[in-house]
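Enquirer:
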Amino acid sequence: METPTAPVRPRPWSGFLSWAGVNDPWQRPVPRVGREDVLVVVALTVLAAVLTELQRGLGSVGTPSSSRPVTYALLAATCVPLLWRRRYPCTSAVVAYVAFMAVSMMMPMVGGQLILLVAFFLSMYSAAAWAPNRPGMLVTIGVVAGTIIFWLIWSLAVGAGAERLRGELNTVDPGNALISPLVAYLLFNLLINGAFLAGALIFGVSSWRRARGNAEIIAQQAQLTAQADQLRDEAVLRERLRIARDLHDVVGHHVSVTGIQAAAARRVLERDPARAAAALAVVEESTRQAVNQMRDLLGTLRAVDEDATDSPHGAPTLVQLPDLVAAQQGHDLQVSLDVVENPPGAAAQVPPVVAISLYRAVEEALTNVRRHSTAHKAQVVVRVEAGRYAEVEILDSGLPRPDSTGSGLGLLGMRERAKNVGGTVEAGPRMIGGYRVRMRLPLEGAEHDQGATGR
1 METPTAPVRP RPWSGFLSWA GVNDPWQRPV PRVGREDVLV VVALTVLAAV LTELQRGLGS
61 VGTPSSSRPV TYALLAATCV PLLWRRRYPC TSAVVAYVAF MAVSMMMPMV GGQLILLVAF
121 FLSMYSAAAW APNRPGMLVT IGVVAGTIIF WLIWSLAVGA GAERLRGELN TVDPGNALIS
181 PLVAYLLFNL LINGAFLAGA LIFGVSSWRR ARGNAEIIAQ QAQLTAQADQ LRDEAVLRER
241 LRIARDLHDV VGHHVSVTGI QAAAARRVLE RDPARAAAAL AVVEESTRQA VNQMRDLLGT
301 LRAVDEDATD SPHGAPTLVQ LPDLVAAQQG HDLQVSLDVV ENPPGAAAQV PPVVAISLYR
361 AVEEALTNVR RHSTAHKAQV VVRVEAGRYA EVEILDSGLP RPDSTGSGLG LLGMRERAKN
421 VGGTVEAGPR MIGGYRVRMR LPLEGAEHDQ GATGR
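The numbering of the sequence shown is UniProt numbering, which starts it at 1 and goes up by one.
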C-alpha cells in the first residue's frame, strides 16, 4: 500500500518572486539612449547645481567654496548615470546610489534636495522596470536597502557626529510621546527610506509587467494575423481545387463529344462524306471550346489534391438555378428568380465554365443572406446576352445581423472565379438599404466587353 504524499505547499515568497519576474525568461527590449534621456539628465543636473548654489548663498551647504568642484562632480555622478538607466539599469542604479550617499554624508542639506531624490528614485525605478536579470535586480535593490539601514544605525552609534546627534536628540522634550526621540528618529528614517524604495520597486515592476503584457498582445496579434493569412490561402486553394474539378467536368464533356464524333466520322468517311464532315465540324467546335475554357482557368491551377472530395458531383448550370432557389426557400426567407435572356434560351447555351461560376455566386450570396442578414426576401436576377455577357445579381433589403460577422472568404472565392474568366464582381450595401452582389462574366467572342459593368 502506497503512502499518500503530502501536498507541496508553495513557499511564502514564491508569489513575490513570480510577481517580480524572477523566473520569467522574457526580456524587455532595450531602446538606445535617446534625446529625451539627455534632456532629462541635463535638466536634473542643472537644477541640482542651481539649488546647491542657492543653498550655498544661504550658508546651508556646510562646505567651503573650495569644495565646489567636488560638489558638482558628485551631483553629476548622481544624475549622469541615468543616461544608461534602461540599457544598463542595475549598474546605473548602483553608481547613482553611491554618488547620492557620498553627497548625503558630505553635505546632508544638499543630499536632501528634491532633485537628487528624484534622480535616486528614477535610478531605482529603472532598475526594477528594465533589468533583464530579474534576480540581479532584486539583489541590487536589497543591497541598497541594507546599506541604508546600516548607514542609519551607524550614524547613531559611531563617531563624533553620532555623539552630537544623540546629544541633540536627548535635549528634545518628548512630552507625552510613546517613543523616545532616538528610537523615533531611527524608525522615522527607516519608514521613509523603506517607502521610497518600495515605491520605486512597485512602480518599476508594474512597468515591466505592463510591457510584458503588451508584448504578449503584440505576439498574439501577429499569430492571429498569420493564422488569418493561412486560412485565406487555404480558402483560395480550396476554391482553386473546386475550379479544377469543375474544369475536369467541362473538359471531360468536350473530350467525350470529340471521341464520339471522331468515331462516327471514321465509320462514315467513305460511305457518306457529308455526314463525316458534319461530325468533324462538331469535333472542331468542341475542341475549340475546350481549349478556350481551359486557357481561361489554366492560370489558377497550381496544385491539385486528387484525394479531396469536397466538391459536388457533376457541374451545375444556370438551368439548375430554379432548384437552388427552391432549396433556399423557407418560412424566414422568400427567394424569387427572374431570368432575362436574349434571345430566348440563351441561358441554356452559356458555356459550362461560366455557368458554374455564376451558379456558385448565387449559392454563396444566398447563403450569406441567411447567415448574416435580417432580410426576409431576396431576389435573384439572371441576365444573358448571347455572345456578349452573362451575369447574376442577388439583392436583399435586410440589415446586417449584430451577432454575425463574415470572414470575407466567400467574396474572395467569387472574385477568384471571376478573375480567371475575365469577369468582375461587385458587392456592397445598397443606397436604399440591404445588400447587392453582382457577378458579370464575358461569353466567348466578347473579349472587348470583359471589363464592362453597365447594364
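Backbone N, C-alpha and C define an ideal beta-carbon position, used for all residues, glycine too.
Using 9 angstroms as the threshold, is the C-beta distance between Glu363 and Leu411 below it?
Expert: Not closer than 9 angstroms, so no.
Enquirer: CB Val103 to CB Gly111, shorter than 9 angstroms?
Expert: Yes; because the gap between Cβ atoms is below 9 angstroms, this pair is in contact.
Enquirer: Taking the alpha-carbon of Val22 as reference, which of Val50, Ala129, Arg35 and Gln227 has the nearest alpha-carbon?
Expert: Considering only alpha carbons, the answer is Ala129.
Enquirer: Is it the case that the segment 368–377 contacts the segment 341–357, given that we only count it when at least three CB pairs across the two stretches are under 8 angstroms?
Expert: Segments in contact, no.
Enquirer: Return the first residue and the last residue of the alpha helix (DSSP H) that Pro352 is part of.
Expert: Taken as a continuous stretch (DSSP letters only), the alpha helix (DSSP H) holding Pro352 covers Pro352 to His372.
Enquirer: Our contact map puts Ala96 next to Ser123 with C-beta atoms below 8 angstroms; I'd like the distance itself, whole angstroms only.
Expert: Right, their Cβ atoms sit about 4 angstroms apart.
Enquirer: What are the boundary residues of the alpha helix (DSSP H) that Val38 is part of?
Expert: Arg35 to Gly57 is the extent of the alpha helix (DSSP H) around Val38.
Enquirer: Do you know offhand how far Pro108's Cα is from Ala219's?
Expert: Answer to the nearest angstrom: the Cα atoms are 49 angstroms apart.
Enquirer: Between Ala198 and the rest of its own chain, which residues show a CB-CB distance below 7 angstroms, the 5 nearest in sequence each way excluded?
Expert: Once the five neighbours on either side are set aside, Ala198 has no close Cβ partner at all.
Enquirer: Nearest to Gln379 by alpha carbon, out of Gly387, Gln334 and Ala211?
Expert: Comparing Cα positions, the closest option is Gln334.
Enquirer: If you follow the beta strand (DSSP E) that Thr424 is part of, which residue opens it and which one closes it?
Expert: Looking at the DSSP string, the run of the beta strand (DSSP E) that includes Thr424 is Thr424 to Pro429.
Enquirer: Under 6 angstroms Cβ to Cβ from Ala361, same chain only, skipping five residues before and after it: list those, please.
Expert: Within the same chain, Ala361 has close Cβ partners Val392, Met414 and Met439.
Enquirer: Identify whether Met439 lies in helix, strand or coil by the three-state DSSP scheme.
Expert: Residue state, collapsed to three classes: strand.
Enquirer: Assuming Thr140 and Ala93 make a contact with CB atoms under 8 angstroms, what is their CB distance in whole Å?
Expert: Between Ala93 and Thr140 the Cβ distance is about 6 angstroms, and since that is below 8 angstroms, they are a contact.
Enquirer: Is the beta carbon of Val354 sitting closer than 9 angstroms to the one on Leu443?
Expert: Cβ distance < 9 angstroms, so Val354 and Leu443 count as in contact.
Enquirer: Kindly indicate which three-state DSSP category Arg383 falls into: helix, strand or coil?
Expert: Arg383 falls in the strand class under three-state DSSP.
Enquirer: Leaving out five residues before and five after Thr317 in sequence, what residues of the same chain have Cβ atoms less than 6 angstroms from its Cβ?
Expert: Ala355.
Enquirer: Note down the Cα distance separating Trp19 from Glu234, rounded to an integer number of angstroms.
Expert: Near 41 angstroms, if we compare the C-alpha coordinates of Glu234 and Trp19.
Enquirer: What's the call for Ser357, buried or exposed, on a 16-neighbour Cβ count within 10 Å?
Expert: So Ser357 counts as buried.
Enquirer: Excluding the five sequence neighbours on either side, which residues of its own chain have a C-beta within less than 7 angstroms of the C-beta of Cys79, listed in chain order?
Expert: Result list for Cys79: Val41, Leu44, Thr45, Ala48 and Ala119, in chain order.
Enquirer: So, helix, strand or coil for Leu138, using DSSP?
Expert: Looking at Leu138 - three-state DSSP - the assignment turns out to be helix.
Enquirer: Give the DSSP-derived three-state secondary structure of Asn193 in the structure shown.
Expert: Correct three-state label for Asn193: helix.
Enquirer: Does DSSP classify Glu270 as helix, strand or coil?
Expert: Glu270 falls in the coil class under three-state DSSP.
Enquirer: DSSP three-state call for Leu333: helix, strand or coil?
Expert: The answer is strand: DSSP assigns Leu333 an E or B state.
Enquirer: Along the chain, where does the beta strand (DSSP E) that runs through Tyr389 open and close?
Expert: Tyr389 to Asp396 is the extent of the beta strand (DSSP E) around Tyr389.
Enquirer: Taking its Cβ as the centre, do 16 or more other Cβ atoms sit within 10 Å of Ile115, making it buried, or is it exposed?
Expert: By the 10 Å Cβ count, Ile115 comes out buried.
Enquirer: Expressed to the nearest angstrom, what Euclidean distance is found between the alpha-carbon atoms of Glu385 and Leu441?
Expert: For Glu385 and Leu441, the distance between alpha carbons rounds to 11 angstroms.
Enquirer: Do Ile153 and Asn193 count as a contact pair if the criterion is CB distance below 9 angstroms?
Expert: No; because the gap between Cβ atoms is not below 9 angstroms, this pair is not in contact.
Enquirer: Please list, in chain order, all residues of the same chain as Arg417 whose beta carbon is under 6 angstroms from its beta carbon, the five residues on each side excluded.
Expert: Excluding residues within five positions, the ones whose Cβ falls inside 6 angstroms are Ser357.
Enquirer: Please return the same chain residues whose Cβ sits closer than 7 angstroms to the Cβ of residue 459, not counting the five positions on each side in sequence.
Expert: With the chain covering 1 to 455 only, the question about residue 459 has no answer from this structure.
Enquirer: Decide if Val425 is buried, meaning its Cβ has at least 16 other Cβ atoms within 10 Å, or exposed.
Expert: When all chains shown are included, Val425 counts as buried.
Enquirer: Which residue's Cα is closest to the Cα of Gln113: Asp338, Glu53 and Gly142?
Expert: Of Asp338, Glu53 and Gly142, the residue nearest in Cα terms is Glu53.
Enquirer: Would you grab the beta carbon distance between Gly204 and Tyr88 for me? Rounded to a whole angstrom, and I think it's under 8 angstroms.
Expert: So it is not a contact: roughly 15 angstroms between Cβ atoms.
Enquirer: Going by the beta-carbon positions, is the gap between Ala200 and Ala127 smaller than 9 angstroms?
Expert: Yes, these two residues count as a Cβ contact at 9 angstroms.
Enquirer: What ranges does the alpha helix (DSSP H) occupy inside the segment 100–151, keeping only unbroken runs of at least 4 residues that lie completely in it?
Expert: Entirely contained in the segment 100–151, the alpha helix (DSSP H) runs reaching 4 residues are, in chain order, 108–111 and 114–130.
Enquirer: Give the DSSP-derived three-state secondary structure of Asn214 in the structure shown.
Expert: Asn214 falls in the helix class under three-state DSSP.
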